Each structure stands twice: as C-alpha cells, then as structure tokens.
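Protein chains in written order, with this note's numbering: chain A, 35 to 328; chain B, 136 to 264.
Down below is the structure, laid out as structure tokens.
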C-alpha cells in the first residue's frame with residue numbers, strides 16, 4: 035500500500051504532506067481561471083471553509099483548458115496571465131497552487147510558479163508531457179486517463195521515475211464505460227496505491243458525462259457526496275473537487291463543478307470519514323481480509 | 136566432481152532485476168528455454184526465483200486479468216528464499232538433493248553471496264553417468 039509521502043509547497047506557503055497516515059488534503063478551485071477577481075474571491079472563500087474545518091488545501095485552477103469539446107468554449111486566460119494570478123493567490127493566501135499543462139513547452143513556467151503540476155488525464159501516458167512534468171522537479175498530480183486501467187498507470191509512474199521524478203500522486207477520475215459515460219471503479223485505489231504513491235480522488239470529474247451534451251460535457255452532481263464518501267472510506271490521501279460560486283455561469287465544466295455552498299458539507303464528511311478510516315487502520319492494521327501477494 | 140564443473144555460468148541463464156515486470160520476466164524465460172528466471176538486486180544477490188510451476192499455481196490462485204498480472208513486478212510472484220548451492224559443493228550430493236526436493240534447477244551462490252551460476256539437472260546427471 036502507499037507508504038511514500040509527497041511534500042507539496044515551496045517558499046512561504048503552507049507546507050503539506052500527502053500520503054501514509056497524514057490527514058486528508060483537499061485540492062480545489064474553479065476549473066479554469068476566469069479572471070483575477072474571481073480567482074481571489076474563490077481562494078478567499080475556500081480558505082475560509084478549510085480554515086474552519088482545519089483541512090489543509092491546495093488551490094487548483096488552470097490557465098489553459100486544451101481539452102474542451104467545442105472550439106467556441108472558453109479556452110482560458112493563457113499561461114502568462116494565469117500564472118500571474120496563481121502567484122497572487124499563493125502570495126495572498128499562503129496556499130500552494132496547482133495547474134495542469136497540456137504542452138511540454140509550458141511545463142517549465144508552470145513549475146516555476148506552481149507547487150504541484152498536474153498531468154491531464156487525456157495526456158497521462160504521453161512521454162513528452164511526462165518528461166516535461168518530471169523536469170519541473172515539482173510534485174506531480176498524475177490523472178488516470180479515462181481509458182486506462184489502474185494497473186497500467188504503473189507504466190506512467192515508471193516513465194516519470196526514469197526521468198528522475200519520484201514525487202507522484204495518482205488520481206482516479208472515472209473510467210469510460212462505452213461512450214459518453216464514466217463509472218468509478220473503487221478497486222482502482224488499492225491497485226494504484228500498490229505503486230507506493232499516494233492516491234487522490236477527483237470527485238467532480240468522476241461524475242462527468244463526457245461530451246454528452248453535444249458539444250459540451252454533462253454531469254450528475256447529485257452523486258458527488260456518495261462517491262466522496264466511498265472513496266474516502268476506501269483509502270485516499272487527497273480529495274480533488276472543482277468548485278464554483280455560480281456553476282451555471284462557470285466558464286468551464288459548468289455541469290460538473292461543485293457549488294461552493296456545498297463545499298463545507300462535503301469536506302466535513304470527508305474529514306470525519308478519513309479520521310475514522312485511520313482509526314480503524316490503527317486498530318486492525320493494514321487490510322488483511324483475504325490477503326494476497328499479488 | 137564439483138557443482139562449478141557443470142553449472143551454467145552467470146549471464147547464460149535468465150536473470151532480471153527487482154523492477155522487471157512479470158511479462159518481461161516471462162519473455163526472458165522463453166528466450167533461454169529454461170523454466171525459470173532469477174531475480175537479483177543491485178549487488179547481484181539473489182532475491183527471488185520464479186519457475187514454470189510457480190506460475191502455473193499463481194494463475195489459478197491470482198484470478199486477476201492477464202493485463203494486470205503481466206504488469207506486476209516479477210518479484211511479487213517469486214519464491215523469496217529458494218534452495219541454493221555453492222560452487223564447490225559435491226555434484227553428487229547436490230544432484231541427490233535435487234532429486235529429493237524434485238527440483239530441476241538450483242541457483243549457485245558464491246562466498247560473497249552473489250549469484251554465480253545455475254545448476255541444471257540434465258547436464259549434471261549426464262556428467263555423473
């Protein structure tokens with residue numbers, strides 16, 4: 035199971051340890067950086083909730099959404115403007131930040147600013163992207179492609195390791211079942227955790243119905259709490275959720291983002307369940323029901 | 136007659152490292168035409184051994200998809216403390232031991248605990264007859 039601890043945060047932001055028996059960490063924010071004021075508002079709002087619940091967190095928002103279904107969809111504010119905004123979020127709220135990057139040439143700049151760099155699910159096995167991510171020397175949030183088996187993510191880990199980066203967090207975000215539909219296979223957590231790396235659950239992309247609305251993706255947000263409870267009880271180290279104060283007006287993933295007004299509710303449940311799981315683990319030891327060496 | 140006189144020298148039988156996945160270990164086994172593969176660490180110490188028989192039993196026991204089985208580290212499915220012999224062991228004694236234990240191949244370990252060779256039953260018996 036996952037024994038490796040990944041440390042996130044450089045400079046004067048809050049330092050976070052992810053993995054093992056460390057407390058559950060939250061990663062969240064609007065899917066895309068919409069503008070400076072909105073980013074700062076969202077950071078302040080999420081910080082308030084996380085401070086109240088005493089949950090460590092990482093601000094997530096992307097500067098360029100390269101996998102949108104339609105050419106008309108909002109693509110992002112761009113790398114320069116986006117990283118400037120993320121830097122301000124770091125500076126003002128002392129919170130680590132993460133953005134994904136979809137082109138190898140964007141990696142160095144992304145890594146200069148972000149405490150954690152994200153490899154998008156669709157690109158999770160692209161050697162050039164993984165090489166670029168490893169080169170940043172930042173911890174890497176590696177999404178599992180919707181088309182990938184959890185055991186095959188080991189190949190992507192081996193690529194990152196071969197490029198000299200062993201600071202990896204593996205993220206489940208749903209698996210294609212036929213067309214336009216995702217399912218969540220809860221066995222993926224122990225399977226990916228067998229790499230030794232911490233595991234993350236992306237609850238908002240997991241309820242996505244990819245490109246189900248013609249030229250945009252749909253989603254079934256009503257299932258978020260159920261899946262969060264399942265994943266946290268299962269044994270994750272990091273919970274990822276995109277959050278927006280007005281989902282209907284969100285410029286990206288408006289059908290899947292969690293409404294900010296529900297964030298405290300979900301994080302409260304997640305924290306309690308994680309604590310209970312650790313308590314059970316300490317009482318009974320590692321899972322030993324039908325143990326297998328395979 | 137000593138084990139050293141008839142063993143297959145290091146490098147001439149299947150050897151993989153601790154990070155080799157099962158699929159690559161199986162390929163290695165197939166290429167050499169021997170029913171086993173030795174797994175060594177960075178110090179060339181033997182840390183595991185997989186035989187055809189081990190795999191046969193695993194296939195029945197594990198029951199997971201082949202794609203998942205193949206990408207496991209070979210070491211996970213290896214016998215961790217196999218019986219071994221030394222280069223200067225008496226060949227007859229070791230062949231008797233192999234008969235007793237129903238073993239076809241026996242790794243040979245030198246005095247520095249490094250994998251040194253492999254004793255395969257057929258040439259060993261042939262040498263003794």
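No residue lacks a Cβ here, since even glycine has one placed at the ideal position from N, Cα and C.
Since this is a predicted model, take the numbers as computed values, not measurements.
Residue 255/B carries a strand assignment under DSSP once its states are collapsed to helix, strand and coil. Taking a C-beta distance under 7 Å as the contact criterion, residue 245/B and residue 255/B do not qualify as a contact pair. Of the residues assessed, residue 139/A falls on the exposed side of the cut-off, its CB having fewer than 16 other CB atoms within 10 angstroms.
Taking C-beta separations shorter than 6 Å and ignoring five residues to either side along the sequence, the partners of residue 68/A in its chain run 285, following chain order. Residue 84/A sits away from residue 134/A, with the two beta carbons spaced by 7 Å or more. Secondary structure at residue 56/A: coil, using DSSP grouped into helix, strand and coil. By the 16-neighbour rule on beta-carbons within 10 angstroms, residue 228/B is exposed. Bounds of the beta strand (DSSP E) holding residue 235/A are 233-236. Counting the other CB atoms within 10 Å of its CB gives residue 71/A a total below 16, which places it among the exposed residues. Within the segment 175-187 of chain B, no residue has its Cβ closer than 8 Å to any Cβ of chain A.
Cβ neighbours of residue 207/B within its own chain (closer than 7 Å, five residues either side excluded): 156 and 157. For residue 143/B, there are no C-beta contacts with chain A under 9 Å, since the nearest C-beta of that chain is about 29 Å from it. One Cα belongs to residue 218/A, the other to residue 88/A, and the distance between them is close to 28 Å. Distance from the Cα of residue 191/A is smallest, within the candidate group 214/A, 164/A, 290/A and 260/A, for 164/A.
Residue 205/A has its alpha-carbon roughly 29 Å from the corresponding atom of residue 106/A.
Inside the segment 171-200 of chain B, DSSP marks whole beta strand (DSSP E) runs of 3 or more residues at positions 171-175 and 181-186, from first to last along the chain. Of the other Cβ atoms in all chains shown, 16 or more fall within 10 Å of the Cβ of residue 149/B; this residue is therefore buried. The CB of residue 186/A comes closer than 9 Å to the CB of 202, 203 and 206 in chain B, given here in chain order.
Its chain contains 207, 208 and 290 as the residues whose beta carbon lies nearer than 7 Å to that of residue 239/A, once the 5 sequence neighbours on both sides are disregarded; these appear in chain order. DSSP, reduced to helix, strand and coil, places residue 239/B outside both helices and strands of the structure shown, so it counts as coil. Within chain B, no residue has its beta carbon less than 7 Å from that of residue 222/A; the closest one is some 11 Å off.
Under the DSSP assignment, residue 162/B falls in the alpha helix (DSSP H) whose first and last residues are 157-167. If you check the CB distance, residue 250/A and residue 121/A do not come in under 7 Å. Contact residues of the segment 193-209 of chain A toward chain B are absent (C-beta to C-beta distance below 8 Å).
For the pair of segments examined, the segment 320-327 of chain A was found not to touch the segment 165-181 of chain B: the number of CB pairs separated by less than 8 Å stays below three.
Residue state for residue 152/B is assigned as strand, using DSSP reduced to three classes.
Annotation: residue 107/A has no Cβ neighbours in chain B at a cutoff of 9 Å; minimum Cβ distance is about 34 Å.
In terms of Cα proximity to residue 230/A, the closest of 132/A, 42/A and 53/A is 53/A. Residue 91/A has 60/A as its beta-bridge partners, per DSSP.
For residue 307/A, the enclosing alpha helix (DSSP H) covers residues 297-318.
When rounded, the separation of the alpha-carbon atoms in residue 185/B and residue 215/A is 41 Å.
Contact between the segment 305-317 of chain A and the segment 189-196 of chain B is absent, with fewer than three C-beta pairs closer than 8 Å. Taking every protein chain shown into account, the CB of residue 93/A has 16 or more other CB atoms within 10 angstroms, so this residue is buried.
As far as DSSP is concerned, residue 228/A takes part in no beta bridge.
Scanning its chain for C-beta atoms nearer than 6 Å, with the 5 sequence neighbours on each side dropped, one finds around residue 152/A the residues 132, 134 and 175, in chain order.
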